[in-house]
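Working notes, structure below.
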Amino acid sequence: MENASDIQPAPGGRRNFLGLVTTATAAAGVGACLWPFLQSLAPRDSAAAHLPVDVDISALPPGQQIVVTWQGKPVFITHRTPQALAVLQDAAQTARLRDGPSHDNQQPPYATNWHRSLDPRYGVVVGICTHLGCVPAYKPLPEGRGEASWPGGYACPCHGSKFDLAGRVFRGAPAPYNLPVPPYSMPSPTVIRLGENPAGQDFDFSSILQL
């Protein structure tokens with residue numbers, strides 16, 4: 001797992017950028033309390049807060065997640081396992097989703113796919129429940145048995161909304177939309193640049209339906 005010093009704003013940004021938190025599965029239980037803490041770490045300089053942020057994912061193991069802040073928002077970056085990717089494509093599971101094909105404008109056009117990302121292995125979503133703004137907990141392992149079992153993903157501790165590992169919300173949850181996907185690019189296979197679209201793409205995060 002990376003140290004905070006390994007994740008910095010893109011070149012030209014402040015090197016003492018403090019608005020980030022690194023976490024893994026063991027820390028998922030603090031989800032509901034994490035958001036105020038992240039806000040307290042956000043840069044006071046509004047210009048610096050809007051700079052792209054580079055995240056080194058070279059040391060992120062499969063099945064683990066890190067949380068960083070971008071524009072004062074928590075962003076979940078998850079290294080999805082082959083098993084998790086298989087579940088994301090399972091027809092029986094996608095039929096249980098409110099917006100499985102991601103028709104709603106909650107992600108850039110380049111993330112309007114079954115994995116809602118540039119690289120299927122890495123999920124990148126804003127970790128704010130679209131119901132009332134709580135921070136969902138990372139729970140990647142399946143829970144329950146039979147048809148009612150949940151394949152794992154994100155669970156909101158406030159009102160029970162559940163999302164899969166692509167940030168897609170399950171039917172019956174109070175959250176009306178999938179978790180947003182921020183604009184981002186991958187200048188290399190091991191670096192995610194939050195806040196900058198890939199070359200030739202133009203996506204304005206303010207155009208999403210709901211945060």
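Per UniProt numbering, the very first residue in the sequence shown carries number 1; after that it's consecutive. Beta carbons are placed, not taken as given, at the ideal position from N, Cα and C, and that holds for glycine.
If I measure Cβ to Cβ from residue i and keep anything under 7 Å in the same chain, skipping five residues before and after, which residues do I get?
i: Ile208; result: Asn105, Gln106 and Pro180
i: Gln89; result: Trp114
i: Pro142; result: Ser149, Trp150, Pro151 and Gly152
i: Ala86; result: none
So, under 8 Å CB-CB, residue i and residue j are touching, yes? Tell me the CB distance rounded to an integer number of Å.
i: Ser185; j: Ala175; result: In fact, because the Cβ distance is near 27 Å, the residues do not count as touching under 8 Å.
i: Tyr110; j: Thr78; result: Actually they do not touch by this definition, with Cβ atoms about 18 Å apart.
i: Pro140; j: Gly152; result: 5 Å
Three-state secondary structure (DSSP) at residue i?
i: Val67; result: strand
i: Phe205; result: helix
i: Pro74; result: strand
i: Pro43; result: Per-residue confidence for Pro43 stands at a pLDDT of 49, beneath the threshold of 50, marking its modelled position as unreliable; no derived number is given.
Nearest by alpha-carbon distance to residue i: which of the options is it?
i: Phe203; options: Ala86, Pro108 and Arg80; result: Pro108
i: Phe163; options: Pro182, Gly72 and Tyr138; result: Tyr138
i: Gly200; options: Leu211, Pro183, Ser206 and Asp99; result: Pro183
i: Ala166; options: Ala84, Leu60, Ser188 and Pro74; result: Ala84
i: Gly134; options: Val53, His50, Tyr154 and Val124; result: Note that residue 134 is Cys in the sequence shown here, rather than Gly. That would be Tyr154, whose Cα lies nearest to the Cα of Cys134.
Enumerate in chain order the residues of its own chain whose CB-to-CB distance from residue i is below 6 Å, with the five nearest sequence positions on each side excluded.
i: Thr112; result: Ser102
i: Lys73; result: Val126
Please return the same chain residues whose Cβ sits closer than 8 Å to the Cβ of residue i, not counting the five positions on each side in sequence.
i: Val55; result: Ile7, Ile66, Val68, Ile77, Val191, Ile192, Arg193 and Leu194
i: Asp119; result: Met186 and Pro189
Give a single yes or no on whether residue i has its beta carbon closer than 7 Å to a heavy atom of the ligand MG.
i: Leu209; result: The ligand MG is absent from the structure shown, which contains no ligand whatsoever.
(request) Would you mind listing the beta strand (DSSP E) stretches within the UniProt domain "Rieske" (89 to 193) that are 3+ residues and don't spill past its ends, in chain order? (result) 122 to 126, 137 to 139, 153 to 155 and 184 to 188
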